[in-house]
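*Asks:* Would you mind keeping the following structure in view while I ask a few things?
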Amino acid sequence: MASEFHKKLHNSPILFALLATVAILVGTIVTMFYPMMTEQMHPKLENLKPYTALQLAGRDVYQREGCNNCHTQTVRPLKTEVMRYGEYSKAGEFAYDHPFLWGSKRTGPDLARIGGKYPDMWHYRHFENPQAFFAQSNMPKYGWIKDNKLDPSDVEAHMKALDFPYTPQEIADLNNKTEMDALVAYMQVIGAAVTKKPITGESAAAVTPEPVKVLFAVGKYDMPEEAKKGLAGLAEYMKQAAGAGVVISGYTDKTGSAAANEELAKNRAKSVREVFRSAGISDDRIVMKKPEVITGSGTDVDARRVEARIEMKSPAAATSINLSDAKVIADGRVLYKDNCASCHGAEGKGDIGPSLVDREFLYNKSDVPDDVYFSVIDKGTSEGAVFAGRKAKGGMPGYNGQLDKNKIWSIVAYIRSIQSK
Amino acid sequence: MADYQYDNQTVKGFIVSSIFWGVVGIVIGLWISIQMWNPSWNIPPYFTFGRLRVVHTNGLAFGLGIGSIFGLAYYIVMRLTKRPLLLPRLARYHLYLFNIAITLAALSLFLGMNQSNEYAELEWPFDIVVVILWVMFAINIFGTILKRKEEQMYISLWYLIATVIAVAVLYIVNNLSIPAGLFKSYHLFAGVNSANVEWWYGHNAVGFIFTTPILAMFYYFLPKSTGIPIYSHRLSIIAFWSLVFAYLWTGAHHLVYTPLPDWIQTLGIAFTMFLIAPSWGSVVNGYYTVGEDWTKMRTNYLTKFFILGITFYGLQTIQGPTQGLRVVSQLIHYTDWVPGHVHMGTMGWVTMTVAASVYYVIPKIYNTEIYSIKIANTHFWFVLIGQLMFSITMWITGIQQGALWKAVNPDGSLKYTFMETLVRNYPYWQMRTVAGLIFTVGMLFFIYNIYMTIRKGKSLAPART
C-alpha cells in the first residue's frame with residue numbers, strides 16, 4: 004500500500020507539487036502567518052511616536068549606507084549586554100520600523116540605546132572621522148554626506164508612503180538640511196520611546212533610613228518577631244544602595260555581672276546579624292561594633308536593646324586609591340585619552356563637552372569634591388540628574404559598568420592633576 | 095543517438111555567466127575582508143563596506159548560486175526526463191534576462207538602493223524582474239517534467255520542484271513592500287513582525303537556494319561521476335519530505351533573545367534541532383553510496399569534491415542547530431562566528447558541489463575530457479585549505495568576541511570597552527583575508543581548467559547546439 008502510494012506520488016508531478024506545497028506551508032502558517040494575525044506581533048509602546056520627516060530621511064540614509072551590516076539595534080536581555088548598552092529592547096519599540104533594522108552582526112557596537120547618549124556635535128564629528136574618536140576604529144568616514152542636500156519632495160513622498168503625520172512647515176524646513184543633519188536626528192531618536200531610569204548623582208535611595216532599635220526581654224537574646232520588620236526595611240535599603248553598610252551594637256540593662264552582660268550584649272547583636280544574613284546581606288557589609296559602655300542608656304526596658312544603623316561608605320573610602328599617586332595619574336591619562344579627550348579636549352580645556360580645568364562645574368562657578376567627579380563619570384549627565392545640588396542638562400554618557408571603579412578614580416586623579424597645572 | 099537535441103548552449107551560458115558573477119562576488123569579498131581591518135579601503139560613496147557587503151552576498155547568492163542552479167537544473171531536467179526543454183527559446187531569453195538583471199541589480203546596490211532585509215536587499219523594480227526570471231524558470235522546469243519521456247521522477251527532480259515552489263513563496267512574501275519612489279520602498283511589515291517575516295525568508299532562502307538545488311546536483315552528479323547508484327531510495331524519500339516540512343519552521347533561530355515572542359523562538363529552535371535528521375539522511379546516503387567502493391576517492395577526481403562537499407553540508411547542519419540553542423546563541427550571536435558558519439556552507443558545500451558538477455557537465459557538452467585532472471586536484475586542495483582556514487579563524491574570533499563582550503571584573507563592571515574587544519579581532523580578520531586569497535587562487539585554477547576544456551572541446555568538434 005505504502006509503496007503503491009509512493010510510486011504514484013513520485014510519478015505524478017502535480018500531486019507531488021501539491022503535497023510539497025502543503026509541506027512547505029504548514030510551518031509557514033504556524034510560525035509566520037498565524038502570529039501576524041495576532042496582537043502579539045503588533046505591540047506599540049505608549050510614548051512611541053512615528054518618525055518626523057527629518058528622522059525618516061536619516062533612517063533612509065542609514066538604510067542606503069547599509070549601517071545595519073555592522074550595527075545591531077536590539078539589546079538582548081542578558082546582564083552584560085544591558086550593562087554595556089542599556090535597557091534591553093522591547094517589542095513595542097519598533098511599531099514604525101519598516102523594515103526592522105535589528106541587524107545580525109556587531110562589527111560595531113549596538114545602537115538601540117544610542118539616542119540621547121551623546122550630544123549632536125559628537126555624532127557630526129564622529130561620522131566625519133571616527134578614527135579621531137577611536138584611533139583603531141574600522142568605521143568608514145561619512146563626512147561626504149554633509150554635502151548632500153535633502154530633497155524635501157522625496158522625503159514627503161516617503162512620509163506619505165508610510166502614512167506618517169507631518170506638517171508642510173516640517174517639509175519646508177528640510178530645504179537647508181543635509182543628509183548628515185538627518186542621520187544625526189535619526190541617531191538621537193533611536194530608542195527614545197523607552198523611558199530611561201532616572202539618575203541622580205546621589206545614591207538611588209537618597210534618604211538614609213533612621214537607625215532601628217530592637218528591644219529584648221530580660222536575660223534573653225532570641226529575636227523578637229515583631230522587631231524583624233524594621234530590620235528588614237534596613238536590609239531592603241542596603242540592597243538598593245550599594246555603598247551602604249550596617250553597624251550593629253548590642254546593649255544590656257544595668258543588672259547582672261559585667262561579664263554576663265557583655266556576653267548577652269554580644270549574643271543580642273549576633274541575633275540581629277542573623278536577620279541581615281538571612282536577608283542576603285554579605286558579612287563584609289555588616290560591622291559588629293562593641294559599644295564603649297555595654298549598659299544602655301535610658302530606662303531598663305530601653306537599655307536591653309540592639310541598635311542597627313546604616314552607614315554610607317563614600318566611594319573614595321571604598322577604594323584604597325591614592326589620587327596623587329603618579330602611577331594612578333598615568334593610568335588615568337591613558338584612560339582619559341581613550342574615553343574623554345574626544346569631547347573634553349586633549350588637555351581638558353573643553354570642546355564638544357565643557358572644560359574640566361576652569362573650576363566651573365555643572366553650570367556653577369565653583370568646584371565640587373572628588374566624589375562628585377566620580378559620580379558624574381560613573382552615571383553620566385542625563386537630563387535632570389542632580390549632582391551636589393546642581394542639575395545636569397544631558398550630554399555625557401555614564402561609564403558605570405563600562406569602566407571599573409579604579410579606572411574611574413584614575414580618571415578623576417588625572418583630571419585633578421591637569422587642573423593644578 | 096537520440097532523436098532529440100539537448101539545449102547545451104543555454105546550459106553552458108548559465109555556467110559561464112555564473113562563474114563570471116562568482117569572480118565578481120569573490121573579489122568584492124576579498125575587498126570587504128580588507129576593509130574590516132583597514133578602513134582606508136573604503137571609497138565613498140559607492141565602495142564603502144555597507145554597500146559592498148550586499149554586492150558580495152547578492153552577487154554570490156544570485157549570480158554564482160542561482161546562475162549555476164539555473165544552468166545545472168536545465169541540464170539535469172533534460173537528462174532525467176529524456177527530452178529537450180519544453181521551451182528552449184524561453185530558456186535562452188531566461189539566460190539573457192538573467193545577466194541583464196544581475197548587472198542592473200549589482201549597479202543598484204552600488205548606488206545604495208537597499209531594502210535592508212538581508213538577502214532581500216534589491217529594491218522593488220528588481221524584485222519584479224527576479225520574479226519574472228523565476229516564473230520563466232518554473233515554466234520550463236514544470237513543463238518539461240510534465241511532458242517527460244521517463245515515467246519515474248528521480249530524486250533530483252523532487253528537490254528541484256520543491257526549490258521552485260518554496261523560493262517563489264518566500265521571495266514574493268518577504269519582498270512585499272510599499273513603494274515610495276521609483277527605487278525606494280518600505281517593508282510592508284513593521285517591527286517585530288517585519289523581523290519574523292524577514293528571517294522566515296532569510297533562513298529558508300538558504301534552505302532552498304543553498305540546500306535543495308545543491309542536493310539535486312549531488313544526487314544526480316554523484317552517481318553519474320562514480321557510476322554507483324544512490325545507496326537508499328527509501329532514505330532519500332524520508333530525508334526529502336522531512337526536510338521540506340521542517341525547514342520552514344526554523345527562521346526564528348536567527349532571532350533568539352530578541353523581542354520576538356518566546357514561543358516562536360522556541361519552536362524555531364526545536365525544529366532546527368529536528369532538521370539534523372533529514373540533513374544527515376542525505377549525508378549518510380552519500381557516504382554509503384561511495385562506501386560501495388571507497389577507491390573512487392582516489393581513482394575518480396570528482397568523488398572527493400562530492401564527498402567533502404556533503405561532509406561540510408553535514409558539519410554545517412550540526413553546527414547550525416547547535417548555534418540555535420539559547421546557551422550557544424548568547425555567546426556567538428552577532429560575532430564573527432556566524433560568517434565562519436556561513437562560509438563553511440557556501441565555500442565548502444555549495445562551491446565544491448557546483449564546481450564538481452561543472453567539471454562533469456562541461457566535458458560532456460563538448461564530448462571531450464577535462465583539460466587537466468591535476469589542475470582540478472590543485473583547485474580542490476586550495477579551496478579546501480582556504481575554506482577551512484577561513485571558517486576556523488572566524489570561529490575562534492567569534493568565541494573570543496563573545497567572551498570579551500561578557501567578561502566582567504570582580505566588582506561586576508565590564509572588563510573591556512567595545513573598542514578593546516574590536517582591536518583583538520584585527521589579527522584574525524587579516525588571517526581571514528589570507529584564507530580568502532588562498533580560496534580565490536583555488537577558484538582561478540578551476541576557471542582556467544574550465545576555460546581550457548571549452549577551448550579543447552571547440553577545437554575538437556563544433557559543439558552540438
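If you read the sequences in order, they're chains A and B.
Just so you know, we're using my numbering here: the first sequence kicks off at 4 and counts up by one.
Just so you know, we're using my numbering here: the second sequence kicks off at 95 and counts up by one.
C-beta: ideal position from N, C-alpha, C; glycine also.
Here the structure is a predicted model, which is why all the values come from computation and not from measurement.
Using the rule of at least 16 other Cβ atoms within 10 Å of the residue's Cβ for burial, across every protein chain shown, is B:Phe406 buried or exposed?
*Replies:* That one is buried.
*Asks:* Hey, could you find the ends of the alpha helix (DSSP H) B:Lys318 is sitting in?
*Replies:* Where B:Lys318 is concerned, the enclosing alpha helix (DSSP H) stretches over Thr306 to Thr320.
*Asks:* Look at the alpha carbon of A:Val33 and the alpha carbon of B:Thr447, and state the distance between them as a whole number of angstroms.
*Replies:* If you take the alpha carbons of A:Val33 and B:Thr447, they lie about 33 Å apart.
*Asks:* Within the same chain, show all residues whose beta-carbon is closer than 7 Å to that of B:Gly88, passing over the 5 residues directly before and after it, in chain order.
*Replies:* A query on residue 88 of chain B cannot be resolved here, the shown segment of chain B reaching from 95 to 559 and no further.
*Asks:* So within the stretch 350 to 388 of chain A, which uninterrupted alpha helix (DSSP H) runs reach at least 4 residues, ignoring any that extend past its ends?
*Replies:* 373 to 382
*Asks:* Verify the CB distance criterion: does B:Ala167 have a CB-CB separation below 8 Å to chain A?
*Replies:* no
*Asks:* Could one say the Cβ of B:Glu292 lies closer than 8 Å to chain A's Cβ atoms, at least one of them?
*Replies:* yes
*Asks:* What separation, rounded to the nearest whole angstrom, lies between the Cα atoms of A:Ala220 and B:Asp505?
*Replies:* 41 Å
*Asks:* On the three-state DSSP scale, how would you describe A:Thr298?
*Replies:* In the structure shown, A:Thr298 sits in a strand (DSSP, three-state: E or B).
*Asks:* Residues of the stretch 49 to 80 of chain A with a CB closer than 8 Å to any CB of chain B: list them in chain order, please.
*Replies:* Asp63, Gln66, Arg67, Glu68, Gly69, Cys70, Asn71, Asn72, Cys73, Thr75, Thr77, Arg79 and Pro80
*Asks:* Closer than 7 Å between beta carbons: that is the criterion. Which residues of the stretch 162 to 193 of chain A meet it against chain B?
*Replies:* Ala164 and Leu165
*Asks:* Which residues in the same chain as A:Tyr169 place their Cβ atom closer than 8 Å to its Cβ, once the five residues preceding and following it in sequence are excluded?
*Replies:* Here the set comprises Thr55, Ala56, Glu159 and Met162.
*Asks:* Taking a contact to mean a Cβ-Cβ separation below 8 Å, would you say B:Val291 touches B:Val267 in this structure?
*Replies:* yes
*Asks:* Going along chain B in order, which residues have a C-beta closer than 9 Å to the C-beta of A:Thr34?
*Replies:* At a beta-carbon threshold of 9 Å, the residues of chain B lying near A:Thr34 are Asn290, Trp294, Leu342, Trp343, Thr344, Gly345, Ala346, Ile358, Leu361, Gly362 and Phe365, ordered along the chain.
*Asks:* Which word fits A:Phe8, buried or exposed, when buried means at least 16 other C-beta atoms lie within 10 angstroms of its C-beta?
*Replies:* Under this definition A:Phe8 is an exposed residue.
*Asks:* Any beta-carbon of chain B closer than 8 Å to the one on A:Phe8?
*Replies:* No, because no Cβ of chain B sits closer than 8 Å to the Cβ of A:Phe8.
*Asks:* What three-state label does DSSP hand B:Arg186 in the structure shown?
*Replies:* B:Arg186: helix per DSSP, three-state reduction.
*Asks:* Taking only beta-carbon positions, decide if A:Pro400 is within less than 8 Å of chain B.
*Replies:* no
*Asks:* Is it true that the CB of B:Ala195 sits closer than 8 Å to the CB of B:Phe220?
*Replies:* yes
*Asks:* Write down every uninterrupted run of the alpha helix (DSSP H) in the stretch 151 to 218 of chain B whose length is 4 residues or greater and which is fully enclosed by it, in chain order.
*Replies:* 161 to 175 and 182 to 204
*Asks:* Where are the alpha helix (DSSP H) runs, 4 residues long or more, that stay fully inside the stretch 137 to 209 of chain A, in chain order?
*Replies:* 155 to 165, 171 to 175 and 182 to 192
*Asks:* With 8 Å as the threshold, decide whether the Cβ of B:Thr352 is near any Cβ in chain A.
*Replies:* yes
*Asks:* Contact check, A:Met124 vs A:Pro133 under 8 Å by CB: the rounded distance?
*Replies:* In fact, because the Cβ distance is near 15 Å, the residues do not count as touching under 8 Å.
*Asks:* What residue range does the alpha helix (DSSP H) around A:Gly404 cover?
*Replies:* Unbroken run through A:Gly404: none, as it is neither H nor E.
*Asks:* Report the residues of the stretch 20 to 32 of chain A with a CB closer than 7 Å to any CB of chain B, ordered along the chain.
*Replies:* Ala20, Ala23, Thr24, Ala26, Ile27, Val29, Gly30 and Thr31
*Asks:* With a threshold of 8 Å between beta carbons, is B:Ser326 in contact with chain A?
*Replies:* no
*Asks:* I want to verify the contact list: residues of chain B whose CB lies under 9 Å from the CB of A:Ala160, in sequence order.
*Replies:* Residues of chain B passing the Cβ test: Ala274, Gly275 and Lys278.
*Asks:* Closer than 9 Å between beta carbons: that is the criterion. Which residues of the stretch 475 to 508 of chain B meet it against chain A?
*Replies:* Gln495, Trp499, Lys500, Ala501, Val502, Asn503, Pro504, Asp505, Gly506, Ser507 and Leu508
*Asks:* Kindly indicate which three-state DSSP category A:Leu326 falls into: helix, strand or coil?
*Replies:* It is coil, neither helix nor strand.
*Asks:* List, in chain order, every chain A residue whose beta-carbon is nearer than 8 Å to that of B:Val517.
*Replies:* Gln139, listed in chain order.
*Asks:* Have a look at A:Tyr127 and A:Asn50 and give me their C-alpha separation to the nearest angstrom.
*Replies:* 27 Å
*Asks:* What whole-angstrom Cβ distance do B:Gln424 and B:Tyr351 have, given they're in contact under 8 Å?
*Replies:* 6 Å
*Asks:* Could you name the residues of chain A that B:Trp131 contacts, counting a contact when the two beta carbons are closer than 9 Å?
*Replies:* Asn141
*Asks:* In chain order, what residues of the same chain have a beta carbon less than 7 Å from the beta carbon of B:Thr175, not counting five sequence neighbours either side?
*Replies:* Thr238, Ile239, Arg242, Lys243 and Glu244
*Asks:* Alpha carbon to alpha carbon, how far is A:Asp381 from B:Leu205?
*Replies:* Cα to Cα, A:Asp381 sits roughly 43 Å from B:Leu205.
*Asks:* Between A:Asn367, A:Ser413, A:Tyr402 and A:Val415, which has its C-alpha nearest A:Lys394's C-alpha?
*Replies:* A:Asn367
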